[in-house]
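Undergrad: Here this note's numbering is used: the sequence shown runs in plain steps of one and ends on residue 623. Here it is, the structure in full.
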Amino acid sequence: MKKNGFLFTLLVAVCSIIYSTALHADTLTDAIEKGEVKLSFRLRYEDVDQDNHPSGEDSTDAVTVRTRLNYKTAAFNGLTGFIEMDDVTAADNDYNDTINGNKGPVIADPEGTEVNQVWLNYNNFDTDFKWGRQRIILDNARFVGNVGWRQNGQTYDAFSITNKSLQDTTLFYARVSNVNRIFGENSAGGDHNHETDLININYTGLPFATITVYGYLLDNDDAATTSSDTFGVRVAGTSGDDTLKIHYAVEFADQSDAANNTVSYDANYLMAEGGITCTGITTKLTYEVLESDSGVKAFQTPLATLHKWQGWTDKFLGTPNEGINDIYLSASGKFAGAKLMAVFHQYTSDVDNASGDDDLGDEWSFVVTRKFDRYGLQLKYSSYSAGNSTFGLTDTDKLWLSAMANF
């Protein structure tokens, strides 16, 4: 799925290092022999029921399993190597996985085997230098994430630097040349070539909050309309004790077109959140706005872990031109060793559409997760009810049953 000259060059480099270390020095050999191997499985059943699907097929389901094998060397003189392989297999590939041409609602877990990550890391001077195919998750993954919910996650071909030489401060920079998306390179919406710069500065020195400032300069050669410059600041914190905790977060960002984007726009992002934890139950109320520029184009987050935001039915993976106002209430806690969470979303557009409508619908969801040492089980359900028909959205229900094992 994910093949290119960059990957071949990096694999040759990794193999050369492994070969030379095995020949030349016992201490380097020890670094390889003391390396760590991990194996994991994730078996999932997904069922989707979407009213009035254009294909005429409203329901579909899939059983898939992801097998992940990785190896990380022990550190030697600050140098570490890592390689990770993923395989996604379906019990019956008769669902629409975006590649096979089947009809019906999409379940975006195509079959395939790939090198998911392969990188070299050098640590010195309070700095990590990493080159290769890597997983990048910044802050809460609202702007840059790994899309870990899907069986085939998102990774980045990049050179990244993480510096912690300043007290309470983490400086992150990455130059991204390719985004390996969840669909695989054989899909029409597959991997994207980039000339993108990611900058994130995180400061934890205040007792009441963590402050993050960032600049994400996206230059997407394969999807020009996602090229943009985004600059923002986030302040988030928790105060209180085990009896009562108060949670708060505010964030603001400005985004404008950049590089080869042919659509001229300027739009803002705003998020305000407050919550409390009492007797082990956390309740949060969040207001999030992805602003529209006069209905021409709205604030976009193409590198985000999108499933985590604006509802688990994934109705808003791309922000509509009218923008989105999302007010949501969540409650989470533990019961009998299981983690439980319920969420309700109310969606409206930032500006009215051509028909004068602004109701984008609502959604409620819940998830139950139970871990048993190396194993885990999860039940997740989400139900979306459409608002004004002029937006072209339809009622959608999704159910997931997952089993995980890690070795």
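The beta-carbon is built from N, C-alpha and C at its ideal position, and this holds for glycine as well.
Candidates W525, V584, A547 and F588: which alpha carbon is nearest V360's?
TA: Comparing Cα positions, the closest option is W525.
Undergrad: Go through the stretch 306 to 381 residue by residue and report every complete run of the alpha helix (DSSP H) that reaches 4 residues or more, in order.
TA: Listed in chain order, there is nothing to give.
Undergrad: Check whether the Cβ atoms of S271 and N622 lie closer than 8 angstroms to each other.
TA: No, these two residues do not count as a Cβ contact at 8 angstroms.
Undergrad: Taking three-plus beta-carbon pairs below 8 angstroms as touching, is the stretch 419 to 430 in contact with the stretch 480 to 493?
TA: The stretch 419 to 430, when compared against the stretch 480 to 493, does not touch it at the 8 angstroms Cβ threshold.
Undergrad: If you measure between the beta carbons of D470 and V479, is that distance less than 8 angstroms?
TA: No, these two residues do not count as a Cβ contact at 8 angstroms.
Undergrad: So R487 and A520 are supposed to be a Cβ contact under 8 angstroms. How far apart are they, rounded?
TA: The question names Arg, but residue 487 in the sequence shown is Met. The Cβ separation is near 13 angstroms, so there is no contact.
Undergrad: Out of L382, S393, T499 and D438, point me to the one whose CA is closest to G406's CA.
TA: The candidate whose alpha carbon is nearest that of G406 is D438.
Undergrad: Counting C-beta neighbours from all protein chains within 10 Å, is the total for L506 16 or more, i.e. buried, or is it exposed?
TA: L506 is buried by the Cβ-count criterion.
Undergrad: Report the start-end ranges of each beta strand (DSSP E) in the stretch 256 to 292 that is 3 residues or longer and not cut off at the edges.
TA: For the stretch 256 to 292, whole beta strand (DSSP E) runs of length 3 or above, ordered along the chain, are 275 to 288.
Undergrad: Near Y338, what residues of its chain come up, given a Cβ to Cβ distance below 6 angstroms and the 5 sequence neighbours on each side ignored?
TA: Counting only Cβ-Cβ distances below 6 angstroms, and skipping sequence neighbours, we find G294, L295 and F345.
Undergrad: Assign S581 to buried or exposed, taking buried as 16 or more other Cβ atoms, counted over all protein chains shown, within 10 Å of its Cβ.
TA: That one is buried.
Undergrad: Along the chain, where does the beta strand (DSSP E) containing E538 start, and where does it finish?
TA: From DSSP, E538 is part of no beta strand (DSSP E); its letter is neither H nor E.
Undergrad: With 16 as the cutoff for other CB atoms within 10 Å, does S443 come out buried or exposed?
TA: With 16 or more other Cβ atoms within 10 Å, it is buried.
Undergrad: Counting pairs of beta carbons, one from the stretch 360 to 372 and one from the stretch 380 to 399, are three or more of them closer than 8 angstroms?
TA: Yes, the stretch 360 to 372 touches the stretch 380 to 399.
Undergrad: Going by beta-carbon coordinates alone, are V331 and A306 separated by less than 8 angstroms?
TA: Contact: no.
Undergrad: For the ligand ZN, is there any heavy atom lying closer than 7 angstroms to the beta carbon of G369?
TA: For the ligand ZN, the structure offers nothing, since it holds no ligand at all.
Undergrad: Which residue wins for smallest C-alpha separation from E504, given the options Q516, H523, P518 and Y544?
TA: Comparing Cα-Cα distances from E504 to each of Q516, H523, P518 and Y544, the minimum goes to Y544.
Undergrad: Can you give the Cα-Cα distance for S393 and D435, rounded to whole angstroms?
TA: In a straight line, the C-alpha of S393 is about 9 angstroms away from that of D435.
Undergrad: What are the boundary residues of the beta strand (DSSP E) that includes F468?
TA: Note, F468: beta strand (DSSP E), L460 to D473.
Undergrad: Among the residues of its own chain, which have a CB less than 6 angstroms from the CB of K513, if the five just before and after it don't count?
TA: Correct list, in chain order: V479, Y481 and N537.
Undergrad: Under the DSSP definition of a beta bridge, which residues are partnered with I497?
TA: Beta-bridge pairing links I497 to C494.
Undergrad: Considering only residues of the same chain and omitting the five flanking positions on each side of G577, which have a CB-CB separation below 7 angstroms?
TA: Within the same chain, G577 has close Cβ partners Y563, Y600, S601, A602, G603 and L609.
Undergrad: Below 8 angstroms between beta carbons: does that hold for D325 and D313?
TA: Yes.
Undergrad: Just verifying my parser: in three-state terms, what is the DSSP assignment at S546?
TA: Note: S546 maps to strand in three-state DSSP.
Undergrad: Kindly give me the distance between the Cβ atoms of Q350 and Q333, rounded to whole angstroms, as I take these residues to be in contact under 8 angstroms.
TA: Indeed, because the Cβ distance is near 6 angstroms, the residues count as touching under 8 angstroms.
Undergrad: Measure from the alpha carbon of K555 to the alpha carbon of each residue in D530, K587, G572 and S571, then state which is nearest.
TA: For the residues D530, K587, G572 and S571, the minimum Cα distance to K555 belongs to K587.
Undergrad: I need the boundaries of the beta strand (DSSP E) containing G577, first residue and last residue.
TA: It spans D575 to F588 - the beta strand (DSSP E) in which G577 sits, taken as one unbroken run.
Undergrad: Beta strand (DSSP E) containing H410: first to last residue?
TA: Residues H408 to Y419.
Undergrad: Which two residues bound the contiguous beta strand (DSSP E) that contains H561?
TA: H561 -> beta strand (DSSP E) spans A554 to T564.
Undergrad: What are the start and end residues of the beta strand (DSSP E) that includes G592?
TA: Here the beta strand (DSSP E) through G592 covers Y591 to S601.
Undergrad: Taking only the alpha-carbon atoms, compute the straight-line gap between T441 and W335 and give it to the nearest angstrom.
TA: The straight-line gap from Cα to Cα measures roughly 30 angstroms.
Undergrad: For a test of the three-state rule: what should DSSP assign to I299, helix, strand or coil?
TA: I299: strand per DSSP, three-state reduction.
Undergrad: Whole angstroms is fine: what's the gap from T529's alpha carbon to D246's?
TA: Their backbone Cα atoms lie some 48 angstroms apart in a straight line.
Undergrad: Starting from the C-beta of I427, find all residues in its chain whose C-beta is less than 6 angstroms away, skip the five residues before and the five after it, and write them out in chain order.
TA: Closer than 6 angstroms at Cβ, skipping near neighbours: Y419 and V451.
Undergrad: Have a look at the DSSP bridge pairing and note the partners of A452.
TA: DSSP lists T426 and A465 as partners of A452.
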